[in-house]
Amino acid sequence: MNSNVENLPPQVLRLVYKEVSALAADPPEGIKIYPSEEDITELHTAIEGPEGTPYAGGVFRMRLVLGKDFPAVPPRGYFLTKIFHPNVGHKGEICVNVLKRDWKAELGLRHVLLTIKCLLIHPNPESALNEEAGRLLLEDYAEYASRAHLLTEIHAMGGSSGALQEPGDGPQPKKHAGDPSKRAIAAGAATIAGATGSNSSTTSGTSSSNSTVAAKKKTDKKRALRRL
76 MNSNVENLPP QVLRLVYKEV SALAADPPEG IKIYPSEEDI TELHTAIEGP EGTPYAGGVF
136 RMRLVLGKDF PAVPPRGYFL TKIFHPNVGH KGEICVNVLK RDWKAELGLR HVLLTIKCLL
196 IHPNPESALN EEAGRLLLED YAEYASRAHL LTEIHAMGGS SGALQEPGDG PQPKKHAGDP
256 SKRAIAAGAA TIAGATGSNS STTSGTSSSN STVAAKKKTD KKRALRRL
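Quick note on our numbering: the sequence shown kicks off at 76 and runs consecutively.
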């Protein structure tokens, strides 16, 4: 999506920059902010699935896009992580009143993020973008929760834990001491070498013993001839 930085008045850009900086320094609980230095009009975030919901344990990536008429017009919200939710469309678009008729310029981005997080706790089937999710929420909550949890496990639990992480965070690949197959070959070669060395020692010892026996027999034969 194209940037709207050039379309927004300087005073609006200053206010946006100030609010985004404040959000990054002190984000709402369970929400991580990833501001972009290149495009302040597109804010990437990550929301931790609230406990007690089918989304618990998941981390859901989302973005807010500020249009050229912001703040007179509300930002648009999109889930980047696939989620089964009545108010989230198949392309990730979010339907919530604060991003539509209830929007007021003074509400700010923090209020938007908190509202979207609350939407994970209290879905609104009356304004469903995902009709199947809205129907199941009303008619068969157990099936709805099962479907929502399944997609959470598949798409929102990529890490070893549900903790919010920076893009570069997380465990790094372990450094192994060489290729395991090469180590196995080396170990096998050492074993063979040891066995060969052992056989050589045995063979050498046997040859030495045979030579001693032959010499002794030769000496005994000479002594016997002298007695004759």
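All C-beta atoms in this analysis are idealised placements derived from N, C-alpha and C, irrespective of residue type, glycine included.
For the pair S111 and L139, the Cα-to-Cα distance works out to about 12 Å. Judged by beta-carbon spacing, L189 lies beyond the 8 Å limit of P129, meaning their Cβ atoms are not closer than that value.
Boundaries cannot be given for G132, as no alpha helix (DSSP H) includes it and DSSP labels it neither H nor E. Per the C-alpha coordinates, the member of K179, A99, I158 and I229 positioned closest to L194 is I158.
Between the beta-carbon of F145 and that of L98 there is about 15 Å, and that puts the pair past the 8 Å contact cut. Counting C-beta atoms within 10 angstroms of its own C-beta, P85 has fewer than 16 neighbours from the protein chains shown and is therefore classed as exposed.
Within its own chain, the residues whose Cβ lies closer than 6 Å to the Cβ of H119, once the five positions on either side in sequence are excluded, are Y109 and R138, listed in chain order.
For the 8 Å CB-CB criterion, Y219 and L226 do not form a contact. For H160, there is no enclosing alpha helix (DSSP H), as DSSP marks it with neither H nor E. The Cβ atoms of G209 and A217 lie no closer than 8 Å to each other.
In summary, H197 is exposed, with fewer than 16 beta-carbon neighbours lying within 10 Å of its beta-carbon over all protein chains present. A straight line joining the alpha-carbon of N79 with that of L182 spans about 20 Å.
Distance check between H165 and each of V173, V171 and T156 places T156 closest, using alpha-carbon atoms only. Comparing alpha-carbon positions, the option among V91, V87 and F135 lying closest to A231 turns out to be F135. With contacts defined as CB atoms closer than 8 Å, G132 and G124 qualify as a contacting pair. In chain order, F159, H160, P161, N162, V163, G164 and H165 place their CB closer than 8 Å to the CB of N205, counting only its own chain and leaving out the 5 sequence neighbours on each side. DSSP, reduced to helix, strand and coil, places L182 outside both helices and strands of the structure shown, so it counts as coil. The DSSP assignment places complete beta strand (DSSP E) segments of no fewer than 3 residues inside the segment 98 to 132 at 106 to 109 and 117 to 123, in order along the chain. For K192 against G105, the beta-carbon gap comes to about 7 Å, under 8 Å, which counts as contact.
DSSP places R89 in the helix class (H, G or I) of the three-state scheme. Counting only unbroken stretches of 4 or more residues, the alpha helix (DSSP H) elements lying wholly within the segment 164 to 217 are 183 to 196 and 206 to 214, in sequence order.
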